[in-house]
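Let me begin by presenting the structure, written as structure tokens, before commenting on it.
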Amino acid sequence: AKPIASLQGLDRNARVVYTGTFSKVMFPSLRLGYAVVPPDLVERFAAMRRAMDLCPPYLAQAPMADFLAAGHFARHLRRMRPIYARRRRLLVDAIAREIGAEVVGDAAGMHVAMFLDRCRSDVDLAARALERGVQVSPLSASYLGKPRQGLVLGFGNTPESAIAPAVRKLAEALEPA
């Protein structure tokens with residue numbers, strides 16, 4: 658399947674800044690992010706970057722630039738895309754089977770959102786899940802207005818064999834005490 662176009666790729670007015678990190682798709686300790694900035698905003702962004710942090714990770718930048726230029730990153734993404742798709746499918750299927758909650762989001766990225774409209778507090782639920790060894794994020798924290806209860810679940814770094822057991826533990830955390 659072809660990847661979904663980014664918002665920046667659809668922008669005809671050069672007003673969208675595309676940001677990301679290599680930590681999720683490479684390895685978490687890399688701690689290296691990026692911003693693709695419209696040409697007329699480059700100077701302003703560079704000045705803000707300098708003001709924010711005097712110690713950017715120069716040692717990681719040069720090898721990563723070489724890795725990108727040689728096409729290794731693109732090959733890595735092509736190799737990983739079907740793996741992430743399979744993990745997502747396993748997660749969505751396990752949620753349907755064990756919880757029956759509404760899962761939203763396109764088949765892209767390494768997270769899904771799960772709505773839990775009968776849940777009183779997704780913050781409390783996330784804490785109960787963590788007690789069972791399952792780390793999730795409350796969806797209500799992402800709302801500006803009236804929050805909808807739910808969870809954000811990541812699967813990018815989760816082995817396929819761990820997905821169904823984790824969803825079963827999450828289902829246990831949903832049960833009333």
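Note that the sequence shown covers residues 658 to 834 in this note's numbering. All C-beta atoms, glycine included, are put in the ideal place defined by N, C-alpha and C. The structure presented is a predicted model; accordingly, all values stated were derived computationally and were not measured.
Range of the contiguous beta strand (DSSP E) that encloses residue i
i    : result
A692 : G690 to V693
A770 : H768 to F772
E759 : E759 to V761
V809 : G807 to G811
Y800 : Counting along the chain, Y800 falls outside any beta strand (DSSP E), and DSSP gives it neither H nor E.
Through-space distance from residue j to residue i, alpha-carbon basis
i    : j    : result
G790 : R669 : 45 Å
E755 : L698 : 47 Å
P816 : H733 : 18 Å
Rounded Cβ spacing between residue i and residue j (contact assumed at less than 8 Å)
i    : j    : result
I820 : A751 : 6 Å
L810 : L747 : Not quite, the Cβ-Cβ distance comes to about 12 Å (not below 8 Å), so this is no contact.
Chain B contact for residue i (CB, 8 Å cutoff)
i    : result
A717 : Among the chains of the structure shown, chain B does not appear; only one protein chain is present.
Beta-carbon contacts of residue i that lie in its chain and below 7 Å, excluding the five residues immediately before and after
i    : result
D779 : L773, P795, L796, S797, Q806, G807 and L808
Residue i, enclosing alpha helix (DSSP H) - first and last residue
i    : result
F730 : H729 to E755
G666 : L664 to L667
D781 : D779 to E788
Chain-order list of residues whose beta-carbon lies under 6 Å from that of residue i (same chain, five-residue window excluded)
i    : result
K678 : It should be noted that the sequence gives Thr, not Lys, for residue 678. Excluding residues within five positions, the ones whose Cβ falls inside 6 Å are G690.
L664 : V673
Sub-8 Å separation of residue i and residue j beta-carbons
i    : j    : result
A650 : V761 : This structure gives no information on residue 650, because the portion of the chain shown stretches from 658 to 834.
A830 : R785 : yes
M767 : F812 : yes
Residues of its chain near residue i, where Cβ-Cβ distance is below 8 Å and the 5 sequence neighbours each way are ignored
i    : result
Q718 : L689
M737 : V682
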